[in-house]
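Numbering-wise (our numbering), the sequence shown opens with residue 5 and increments by one.
Beneath this line is the structure, given in structure tokens, with notes to follow.
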Amino acid sequence: MSFDAKHLAVLRRRAERIARRTSEDDGRVISALVCSFRVGREVFAIDARALREVLPAQPLTHLPDLPPWISGVIQLRSEILSVIDLGVWLQVEGRDTPSHLVILEGSRGALALAVEEVLGLRPLYEDELIDVAEAEAGGRPAVTRMSQDLVSILDPRILLKREDLVLE
Numbered sequence: 005m006s007f008d009a010k011h012l013a014v015l016r017r018r019a020e021r022i023a024r025r026t027s028e029d030d031g032r033v034i035s036a037l038v039c040s041f042r043v044g045r046e047v048f049a050i051d052a053r054a055l056r057e058v059l060p061a062q063p064l065t066h067l068p069d070l071p072p073w074i075s076g077v078i079q080l081r082s083e084i085l086s087v088i089d090l091g092v093w094l095q096v097e098g099r100d101t102p103s104h105l106v107i108l109e110g111s112r113g114a115l116a117l118a119v120e121e122v123l124g125l126r127p128l129y130e131d132e133l134i135d136v137a138e139a140e141a142g143g144r145p146a147v148t149r150m151s152q153d154l155v156s157i158l159d160p161r162i163l164l165k166r167e168d169l170v171l172e
């Protein structure tokens, strides 16, 4: 299933509506609306506010001498983006071929994350989040929190600032 900007906006509105209703019903505090996706056998999520769009995987341009976690680059509307294979970068076991690109937007530009399956948008509540140190996250530098159902929450600010992920 591919998500373009229109479908993503519809999903975001639905999730916000569901989150408001649930929050009003039980008084829980929503920490963030996140986009969740699967890489290997693991589920990750990222704050939807950092999301520009989700696309089906695109043909890549491979460049010489790149780190193994940078699959290549794509041209998206006249912009060149690094494509990060999250499975390789985070050393996830049981990886499969990525089927989607999750495009993040930051102050330094955009970055594409190659993921195997996009699961959708969902609210995360404060009472279901656990702060984790990098050591507890298996040495994964961008994982700063986990949900009680073992979804690893990636911090988009960390991803977008890392020089080993963004090609200049």
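Glycine included, every Cβ here is placed at the ideal spot set by N, Cα and C.
Keep in mind it's a predicted model, so treat the numbers as computed, not measured.
D51 sits in a strand when the DSSP states are folded into three classes. Assignment of D131 by DSSP, reduced to helix, strand and coil, places it in the helix class. For Q62, the CB contacts under 7 angstroms within the same chain, skipping 5 residues up- and downstream, are I78, L105 in chain order. Under the three-state reduction of DSSP, E20 is assigned to helix. For R126, DSSP records a beta bridge to V38.
Between the region 67-85 and the region 141-161 there are fewer than three inter-stretch CB-CB distances shorter than 8 angstroms, so the stretches are not counted as touching. For A116, the secondary structure class from DSSP, reduced to helix, strand or coil, is strand. Here L128 is near V38, since their CB atoms are less than 8 angstroms apart. Excluding its 5 nearest sequence neighbours in each direction, I134 has C-beta neighbours in its own chain below 6 angstroms: M150, listed in chain order. About 18 angstroms separates the CB atoms of S35 and L123; that is not less than 8 angstroms, and the two are not in contact. Rounded to whole angstroms, the Cβ separation of A118 and D100 is 11 angstroms, and the two are not in contact under 8 angstroms. Listed in chain order, the non-local C-beta contacts of S156 below 6 angstroms within the same chain comprise F48, V147, M150, local neighbours out to five positions each way being set aside. DSSP places V106 in the strand class (E or B) of the three-state scheme. Take the alpha-carbon of A19 and the one of V43: they are about 22 angstroms apart. In chain order, G110, R112 place their CB closer than 8 angstroms to the CB of K165, counting only its own chain and leaving out the 5 sequence neighbours on each side. Boundaries of the beta strand (DSSP E) harbouring L85: 83-89, taken from the DSSP string. DSSP, read as helix, strand or coil, puts L12 in helix.
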